[in-house]
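Numbering (this note's numbering), first residue to last: 59 to 539.
For glycine and all other residues, C-beta sits at the position ideal for the given N, C-alpha and C.
What follows is a set of notes on a single structure, which appears directly below.
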Amino acid sequence: MSEEAESQPVSRRAVVAAVMTAMFMVSVETTILAPVMPRIAIDLGGVEDYAWAFAAFLVTQTAGTVICGRLADAWGRRIVMLGGLAVFSMATIACGSVRSFDLFIAARAMQGVGAGAVLPTALTLIGDLFDVAERRKVQSWLSSVWIISGLGGPVLGAVIVSVLDWRWVFWFTLPLAALTMAIFLRALPARTGRPHVTVDWLGAAYFVPSVAGALIALNELGAGEYSMALASLALAAVALFLFGLHCRGRRHALIDLHVWLRPEILTANLVNLLISCAMLGVITYLPILLQAVQGYSQLFSGLTQTVMTVGWPVGTAVSSYFLVKPGFARVLQCGSAITFVAFTVFAMAAGSLPLGALGGMSFIAGLGIGSVSIGTMVLVQSAVRTEERGGATASNIFARTFGQSLGAVLAGVTVQLVLAKNGIDLSAEDLDKLVTVGMMGNAALGEALGNAVLAAFALMAAIAFLALLLALGLPRPRPEA
């Protein structure tokens, strides 16, 4: 147990249970929403702004992760966790109560703020209460949350919508939120942060538009709105420049550059970002390949994705036993290598492999991604002092989230460019026809789409290879303080 854990009157089992419940609340609201969103968009009149229901959540969560990670160091874990749960719960009530899609998007953005506080603080608490040897076991327990939400979320959403109203997809988590807040109120001391750490609000004012502008630019680029993407990118560049000037040489900046740029932390986060980027690029377009090109149903294409979701926590659990010996570097190297090999197979043969083989490769890719996920998180937490751990944990989550956003857009742009090179403008009607009747309706279009998706997979494999190269040069982390 860490020194801080020994000095604090907390029930570690209660905290772990509450952390797992809080993580489930946040993660299930993502997985449960995907199959329900079409109905929500139709009921609230927001079909044209469909993507913003996800983008709004992602933008505020990504920015909130870094800010709230710093707040957890400055104000203590307890107040940030309770505040995050309160914001998330109020936003959840709003999501199920609104009568217009614009208000729904606003509520989703508010949900993202709450999620940005809950996730980094939850993982920081685990880093506070357990040393490296214990932390690896607890991280494997936390992996079960992603299995449950990944497998159960879509099914639960379908059941709720068929029996009740889609609004209960949001409201059913409220009793869990109340229980979790009660546990944290009882189990955590009033303050676990250090009082001398200050909050850089001016830095936050620069940081939020830099992240929001970048993510909005990626979202608009993927939608083909190039003028809006360019304007958002310009905003992000200016805000990022001002943020860099502000943080340079500043004590207690929002982002502690001495922590973020520490060689082992920077390398680990870059590996995490690249692997997350490659993962989302493949996950985004694998269903299109399976349904529109190979003619499989939504059920079977969904199962192929699901096994990757299962492989991730399995890889996390297995790799947790190798973090001490042979160590972080070997775990990251093996995880990156496994992911690279799996995505290379996707790029070379996904168009011809049988469904079972694709499912097997998806599971193998999940094993590699899980290894990278736990390896980078535990390395980053172990390389910093207690008063830096909230910000360091946030840096790792930020890398993963931003990488996922980047991967989906890069894959989409690649598909569009390859199709355009062949003189093809794929419309929603064309895609719907391919999914409905298969390549028999237009064999040339189906073949072109398949080649475009394989090109996107090749790019994702190259990104995974870059992650492997970085992992091979990973510096040895400093001892935990």
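What are the boundary residues of the alpha helix (DSSP H) that residue i is part of?
i: Ala326; result: Pro321 to Ile346
i: Asp131; result: Trp110 to Trp133
According to DSSP, simplified to helix, strand and coil, what is residue i?
i: Phe301; result: helix
i: Gln352; result: coil
i: Ser65; result: Residue placement at Ser65 is poorly supported in this model, since its pLDDT is 38, which falls under 50; the coordinates still yield a value, given next. Helix, per DSSP.
i: Glu278; result: helix
i: Pro371; result: helix
i: Leu246; result: coil
i: Arg71; result: helix
i: Asp258; result: coil
i: Asp314; result: coil
i: Leu503; result: helix
i: Asn480; result: coil
i: Leu140; result: helix
i: Ala529; result: helix
i: Val266; result: helix
i: Arg308; result: coil
i: Ile90; result: coil
i: Gly508; result: helix
i: Gly385; result: coil
i: Gly271; result: helix
i: Gly470; result: helix
Could you tell me how far apart the beta carbons of residue i and residue j are, in whole angstroms, since I believe they sit closer than 8 Å?
i: Cys335; j: Ile521; result: 6 Å
i: Leu413; j: Thr367; result: The pair is not a contact, with the Cβ atoms about 17 Å apart (cut-off 8 Å).
i: Val442; j: Asn327; result: With 8 Å as the limit, Val442 and Asn327 do not qualify as a contact, their Cβ atoms being about 12 Å apart.
i: Leu468; j: Gly339; result: 6 Å
i: Thr364; j: Gly208; result: 7 Å
i: Val138; j: Thr179; result: 5 Å
May I have the straight-line CA-CA distance separating residue i from residue j, to the nearest angstrom?
i: Ile151; j: Gly170; result: 14 Å
i: Ala450; j: Leu425; result: 24 Å
i: Ile432; j: Ile333; result: 12 Å
i: Pro267; j: Trp110; result: 17 Å
i: Val196; j: Ala167; result: 30 Å
i: Arg71; j: Phe112; result: 33 Å
i: Ala76; j: Ala452; result: 19 Å
i: Leu181; j: Ala80; result: 11 Å
i: Leu416; j: Ala407; result: 9 Å
i: Gly103; j: Val227; result: 18 Å
i: Ile482; j: Val430; result: 38 Å
i: Ala245; j: Val73; result: 7 Å
i: Thr472; j: Met337; result: 15 Å
i: Ser220; j: Arg97; result: 11 Å
i: Ala574; j: Ala297; result: Residue 574 cannot be examined here, being either before or after the span of the chain that is shown, 59 to 539.
i: Leu177; j: Ser201; result: 13 Å
i: Ile163; j: Leu464; result: 21 Å
i: Ala541; j: Ala516; result: The shown model of the chain, from 59 to 539, leaves out residue 541, and the question about it has no answer.
i: Gly409; j: Trp370; result: 23 Å
i: Ile313; j: Thr120; result: 14 Å
i: Ala289; j: Phe188; result: 45 Å
i: Tyr379; j: Asp160; result: 47 Å
i: Ala478; j: Met518; result: 20 Å
i: Ala144; j: Ile90; result: 20 Å
i: Val476; j: Ala506; result: 8 Å
i: Gly141; j: Val399; result: 42 Å
i: Met286; j: Gly174; result: 26 Å
i: Val117; j: Ala270; result: 5 Å
i: Ala513; j: Thr402; result: 11 Å
i: Ala311; j: Ala132; result: 11 Å
i: Ala158; j: Trp224; result: In the sequence under discussion, the amino acid at residue 158 is Ser, which differs from the Ala named in the question. Between Ser158 and Trp224, the C-alpha separation is close to 14 Å.
i: Phe456; j: Phe358; result: 32 Å
i: Phe242; j: Cys126; result: 17 Å
i: Ala272; j: Gly302; result: 15 Å
i: Ala525; j: Gly122; result: 26 Å
i: Ile184; j: Gly353; result: 45 Å
i: Tyr264; j: Gly470; result: 29 Å
i: Gly385; j: Ser85; result: 29 Å
i: Ile323; j: Gly418; result: 32 Å
Hey, does residue i have any beta-carbon neighbour from chain C nearer than 8 Å?
i: Leu260; result: In the displayed structure, chain C is absent; only one protein chain is listed.
Note to self: To test your reading of the DSSP string, which unbroken beta strand (DSSP E) runs of 3 or more residues are found completely within the segment 147 to 234?
What the structure shows: Segments of the beta strand (DSSP E) lying fully in the segment 147 to 234: there are none.
Next item on the list: Starting from the N-terminal side, write out each stretch of the alpha helix (DSSP H) that is 4 residues or longer and does not extend beyond the segment 387 to 468.
Entry: Every alpha helix (DSSP H) stretch that sits fully inside the segment 387 to 468 and reaches 4 residues is listed by chain position as 413 to 440.
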